[in-house]
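Residues in the sequence shown are numbered from 7 upward in steps of one, following our numbering.
For each residue, glycine too, the CB sits at the ideal point set by N, CA and C.
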Amino acid sequence: MKKRLGILGSTGSIGTQTLDVVRHNPERFEVYAICANRNADLLVQQAHEFHPEVVCIADESLYETVKSQLESLNCKVWAGADAIAQMVTFPSIDIVVAAMVGYAGLRPTIEAIKAGKTIALANKETLVVAGELICELAQEYHTPILPVDSEHSAIFQSIVGEQNNEIEKILLTASGGPFRTFSHEQMSAVTAADALKHPNWDMGAKITIDSASMMNKGFEVIEAKWLFGVPADKIQVLVHPQSIVHSAVQFADGAIKAQLGAPDMRLPIQYALTYPERLQTDFPRVDLFELGALTFEKPDLARFPNLRLAYEAIAKGGNMPCVLNAANEVVNLAFRENHCGFLQMSDIIAETMNRTSFIAKPDYDDYVASDSEARKIAIALLSGYGNETATGRQRDGNGSHL
Numbered sequence: 007m008k009k010r011l012g013i014l015g016s017t018g019s020i021g022t023q024t025l026d027v028v029r030h031n032p033e034r035f036e037v038y039a040i041c042a043n044r045n046a047d048l049l050v051q052q053a054h055e056f057h058p059e060v061v062c063i064a065d066e067s068l069y070e071t072v073k074s075q076l077e078s079l080n081c082k083v084w085a086g087a088d089a090i091a092q093m094v095t096f097p098s099i100d101i102v103v104a105a106m107v108g109y110a111g112l113r114p115t116i117e118a119i120k121a122g123k124t125i126a127l128a129n130k131e132t133l134v135v136a137g138e139l140i141c142e143l144a145q146e147y148h149t150p151i152l153p154v155d156s157e158h159s160a161i162f163q164s165i166v167g168e169q170n171n172e173i174e175k176i177l178l179t180a181s182g183g184p185f186r187t188f189s190h191e192q193m194s195a196v197t198a199a200d201a202l203k204h205p206n207w208d209m210g211a212k213i214t215i216d217s218a219s220m221m222n223k224g225f226e227v228i229e230a231k232w233l234f235g236v237p238a239d240k241i242q243v244l245v246h247p248q249s250i251v252h253s254a255v256q257f258a259d260g261a262i263k264a265q266l267g268a269p270d271m272r273l274p275i276q277y278a279l280t281y282p283e284r285l286q287t288d289f290p291r292v293d294l295f296e297l298g299a300l301t302f303e304k305p306d307l308a309r310f311p312n313l314r315l316a317y318e319a320i321a322k323g324g325n326m327p328c329v330l331n332a333a334n335e336v337v338n339l340a341f342r343e344n345h346c347g348f349l350q351m352s353d354i355i356a357e358t359m360n361r362t363s364f365i366a367k368p369d370y371d372d373y374v375a376s377d378s379e380a381r382k383i384a385i386a387l388l389s390g391y392g393n394e395t396a397t398g399r400q401r402d403g404n405g406s407h408l
């Protein structure tokens, strides 16, 4: 039987590559529901190609535009956050691909878990913001969460078959991004256009900026902590510029298992959708003879303080990772719109963490309140730089893009 997919964020980088996996395996998968934030044109194009039962646009102002262009299709057209949260609970959906960017992915992922759907998780912010809650819900509703991020997929593949063998250390690799060799002075002058030129991966704008600042790697440390039950002090980040070793696991006996492959997100996406099977693909292969040396470096926390801030948020716990994420979403967008300097992002995030109310044992409502409070503080800090445009865009809390 075909697996029926609900894809959250179908027009983003992970969403479009998920649809490419479906395109190459039509006998395996059926697209039941898709949603996007504001990219109505691509959403309509996807609907005409894959004929889903449900099409949802988060931006309600685009509802009539989408609906009018899908009149020839026999599908439901919905709009808004409530609709997205309802969409993932449809009984016909087998797997929810959680590929929305940022905090916006939290609520629909929670609803999908409660509905007992298998979660192919690409939205790392869900575990960053509310990792403890998500893990408790997954256990309560017996919902499997399969990682889509290349690093976490590599860790997952390395521990399959290891049962209860003790993990001594997780080795989480990072490309180092476009500014790996830049000095502090050079980074003070970089622009969003510079940061969007990732050396190895083709990703969405938000995550590409996070990769350049190494906040993405900090988020992945937090995600790994919750996915694999390993404390943060046993998760070591390695800068690996070739992006061939996607991550590794060191066990109690000292043995290390790693997963290698070309930097192509379709591989971990497909593995999450077909686990435990591996399907034949025409994806690029790695030629180790042609590749030559693989190198590894320690991350420089002085030049990339976002990674240090992520470890600090983990150590403090409670709602602090939620605060970290909210502040980052604000400054990430501001940087992309040229209203904040690259180095200023870390300063604003750190100050937001200092000023936001700390909650040691947050529930869902606390996460919502913390996200809102942190955004307001970060926006106020941004306004000190004369960023009225960024402030206006951020007031509704929709700093993320699908």
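- In this structure, the alpha-carbon of Pro237 lies about 15 Å from that of Gly324.
- Per the C-alpha coordinates, the member of Thr71, Gln192 and Cys81 positioned closest to Glu55 is Cys81.
- In the three-state scheme derived from DSSP, where H, G and I count as helix and E and B as strand, Gln286 is classed as coil.
- DSSP places Arg314 in the helix class (H, G or I) of the three-state scheme.
- Counting only runs that start and end inside the stretch 90–175, the alpha helix (DSSP H) elements of at least 4 residues fall at 112–120, 130–146 and 156–165.
- In the structure shown, Gln242 adopts extended strand secondary structure according to DSSP, grouped into three states.
- By the neighbour-count criterion, in which 16 or more other beta carbons inside 10 Å mark a residue as buried, Ala321 falls on the exposed side.
- Under DSSP, Trp84 takes part in a beta bridge, and its partners are Cys62.
- Distances from the CA of Ala39 to each of Asp377, Thr95, Ala319 and Leu244 were compared; the closest alpha carbon is that of Thr95.
- Assigned with DSSP and collapsed to three states, Glu77 falls in coil, not helix or strand.
- Classified as buried, Ala254 has 16 or more neighbouring CB atoms from the shown chains inside 10 Å of its CB.
- Counting the other CB atoms within 10 Å of its CB gives Ile262 a total below 16, which places it among the exposed residues.
- The beta carbon of Ile250 is closer than 8 Å to those of Leu266, Gly267, Ala268, Pro269, Val292, Leu297 and Leu300 in its chain, skipping five residues each way along the sequence.
- As the crow flies, the alpha-carbon of Leu339 is around 25 Å from that of Val243.
- For Val251, the enclosing beta strand (DSSP E) stretches over residues Val251 to Phe257.
- Distances from the CA of Cys141 to each of Gln248, Tyr370 and Leu178 were compared; the closest alpha carbon is that of Tyr370.
- In the displayed model, Cys41 falls within a strand according to three-state DSSP.
- In the displayed model, Ala319 falls within a helix according to three-state DSSP.
- The beta-carbon separation of Lys9 and Leu279, rounded to 7 Å, stays under the 8 Å limit for a contact.
- For Ala53, no beta strand (DSSP E) encloses it; the enclosing alpha helix (DSSP H) starts and ends at Ala46 to Phe56.
- Per DSSP, Ile365 is not a residue of any alpha helix (DSSP H), being assigned neither H nor E.
- In the DSSP secondary-structure assignment, Arg10 is bridged to Glu36.
- Residue burial annotation: Phe185 is buried, with at least 16 other C-beta atoms found within 10 angstroms of its C-beta.
- Here Leu266 is bridged, per DSSP, to Val251.
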